[in-house]
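>
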Amino acid sequence: MRQLFKGVVEFQREGYAAHQALFTELSRCQKPHTLFIGCSDSRLIPTLLTNSRPGELFMIRNVANLVPPYKPSEGAFLGTTSAIEYAVQVLGVENILICGHSNCGGCCSLLTPLESQETIPHVRSWMKIADPVREELSQPQYAHLEMPEKEWMAERLNIILQLEHLKTYPYIQEKIEAGRINLIGWHYIIETGEVYNYNAKSGHFELIEESML
Ligand SMILES: [Zn+2]
28 MRQLFKGVVE FQREGYAAHQ ALFTELSRCQ KPHTLFIGCS DSRLIPTLLT NSRPGELFMI
88 RNVANLVPPY KPSEGAFLGT TSAIEYAVQV LGVENILICG HSNCGGCCSL LTPLESQETI
148 PHVRSWMKIA DPVREELSQP QYAHLEMPEK EWMAERLNII LQLEHLKTYP YIQEKIEAGR
208 INLIGWHYII ETGEVYNYNA KSGHFELIEE SML
């Protein structure tokens, strides 16, 4: 616990001091360009990964970077949907980025039997949003895959599925059609720092440097 408190004191002395003018500028409003939807995993640090400053990323963090499909009224998972609504409708973000990562515990749970998840009933229920990934990976064409490969496949199929879920939101679809919002999917590899960007045209993930060409 002491480590957390000490961290704040150090932030006030160093990090805050270094960005003081920016924090003053941001004190009354924010205009983030991107809604970053990332896994809650402690090894994924969005600002570090994208070299972003305070005020640039509006973030949603949840287990396995999931997006519930759109429902017109109340649903069970309003934490994520309300943040999406606010980011798009009020803040007017230009990009929505789904950022999954390697060694994702949530995605790994899609590869284990539901009966083995009795001690984590809320996670099990939340992960139903990614059921199509579980179903897809149980198909015979994936049977030959070894575990690390299968995990990557689950993480990547999950990113693609969540991008599809975003398109079920009428106000997002409207902005896509008007060319006013970009949907981006990334797979971040913890041990190498590499990021693979989903190329919607080819249907493949490619190293981010290739996507910049
Ligand atoms: Zn994760």
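Going by this note's numbering, the residue at position 179 of the sequence shown is 206; the numbering climbs one at a time, nothing skipped. The C-beta atom is built at its ideal place from N, Cα and C for all residues, glycine as well. Bear in mind the structure is a predicted one, so any value in this text is a computation, not a measurement.
1. Pick helix, strand or coil for residue 192, following the three-state DSSP scheme.
2. Specify the secondary structure class of residue 149 as computed by DSSP and reduced to three states.
3. Let me confirm a value: residue 85 is counted as buried when at least 16 other C-beta atoms fall within 10 Å, else exposed. Which label applies?
4. Helix, strand or coil: which one does DSSP assign to residue 86?
5. Tell me whether residue 56 counts as near ligand 3, meaning its Cβ is closer than 8 Å to at least one heavy atom of that ligand.
6. What is the DSSP secondary structure of residue 56, counted as helix, strand or coil?
7. Closest to residue 132 by CA distance: which of 77, 177, 230 and 193 is it?
8. Could you tell me whether the Cβ atoms of residue 157 and residue 91 are closer together than 9 Å?
9. Taking buried to mean at least 16 other C-beta atoms within 10 Å of its own C-beta, is residue 217 buried or exposed?
10. Label residue 207 either buried or exposed according to how many other C-beta atoms from any shown protein chain fall within 10 Å of its C-beta, with 16 as the threshold for buried.
11. Report whether the distance from the Cβ of residue 230 to the nearest heavy atom of ligand 1 is below 8 Å.
12. Which residues in the same chain as residue 28 place their Cβ atom closer than 7 Å to its Cβ, once the five residues preceding and following it in sequence are excluded?
13. Report yes if the C-beta distance between residue 125 and residue 110 is below 9 Å; otherwise report no.
Inspection of the coordinates gives the following:
1. For the purposes of this step, residue 192 is taken as the residue at position 165 of the sequence shown. Judged by DSSP in its simplified three-state form, residue 192 adopts helix.
2. Against the sequence shown, residue 149 aligns to sequence position 122. Of the three classes helix, strand and coil, the one that applies to residue 149 here is helix, per DSSP.
3. The residue given as residue 85 occupies position 58 in the sequence shown. Burial call: buried.
4. Walking along the sequence shown from the start, residue 86 turns up at place 59. Correct three-state label for residue 86: strand.
5. Annotation note on ligand 3: not contained in the displayed structure, which lists ligand 1 as its ligands.
6. As a first step, residue 56 must be located in the sequence shown, where it is residue number 29. DSSP places residue 56 in coil when its eight states are reduced to three.
7. Position 105 of the sequence shown, counted from the first residue, corresponds to residue 132. The residue with the shortest Cα to Cα distance from residue 132 is 177.
8. In the sequence shown, residue 157 corresponds to position 130, counting from 1. In the sequence shown, residue 91 corresponds to position 64, counting from 1. Taking 9 Å as the Cβ cut-off, residue 157 and residue 91 qualify as a contacting pair.
9. For this step, residue 217 is matched to residue 190 along the sequence shown. Exposed is the label assigned to residue 217, since fewer than 16 other Cβ atoms lie within 10 Å of its Cβ.
10. Within the sequence shown, numbered from 1, the residue matching residue 207 stands at position 180. Answer is exposed; the Cβ neighbour count stays below 16.
11. On the sequence shown, position 203 is the one that residue 230 refers to. Checking every heavy atom of ligand 1 against the Cβ of residue 230, none is found closer than 8 Å.
12. Translated into positions along the sequence shown, residue 28 becomes position 1. Same-chain partners within the cutoff: there are none.
13. Here residue 125 refers to the residue found at position 98 of the sequence shown. Here residue 110 refers to the residue found at position 83 of the sequence shown. The answer is no: Cβ separation not under 9 Å.
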